[in-house]
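Notes follow the structure.
In the numbering used here, the protein residues as written are 601 to 700.
What follows is the structure in C-alpha cells.
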C-alpha cells in the first residue's frame, strides 16, 4: 500500500504545470496594413530594439518587392524591356524561386 501511495504522489508531482512563458509582442504598420510579432520574453533583450530591427527589415523587403512602389526592384524588373539580363538581389531571387 505504501508503494502505491508513493507512486500516486510521484505521478501527481510529475504532472504539475510548467511555469508559463511570458510573451512579448511588438506592433507596427507596413505596406498599408499592420503587423503583430510575438516572441518569448528574454532577459536583457530590448523590445524597442526588436521593433526597430523588424521595421528596418520590412522597409528593406518593401524596397525590393513592393508592386506599389515604382522604384522597387520588383517593379523595375516588371518594367524592364531590354534583352540583357536584369540582376536581382539574392532575397528577390529566393522569393521568385520559392514561388515557381
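C-beta atoms are modelled at their ideal positions from N, C-alpha and C, and glycine is treated no differently.
Looking only at its chain, what residues have a beta carbon closer than 6 angstroms to the beta carbon of residue i, apart from the 5 residues adjacent to it on each side?
i           : result
residue 621 : 640
residue 687 : none
Keeping to the same chain, check which residues put their C-beta closer than 8 angstroms to that of residue i; ignore five residues upstream and five downstream.
i           : result
residue 647 : 624, 626
residue 701 : Nothing in the structure corresponds to residue 701, since the chain is present only between 601 and 700.
Can you give me the start and stop residues for the beta strand (DSSP E) that residue i sits inside?
i           : result
residue 629 : 623-630
residue 639 : 633-640
Nearest CA to the CA of residue i: which residue from the options?
i           : options            : result
residue 657 : 628, 619, 688, 687 : 628
residue 659 : 700, 694, 635      : 635
Determine the extent of the alpha helix (DSSP H) in which residue i is found, giving its start and end residues.
i           : result
residue 692 : 690-699
residue 706 : Lying before the first or after the last residue shown, residue 706 is absent from the chain, which here runs from 601 to 700.
residue 655 : 647-665
Is the Cβ-Cβ distance between residue i and residue j less than 8 angstroms?
i           : j           : result
residue 664 : residue 633 : no
residue 675 : residue 666 : yes
request  = Would you check if the segment 650-661 and the segment 673-684 touch, i.e. whether three or more CB-CB distances between them fall below 8 angstroms?
outcome  = no
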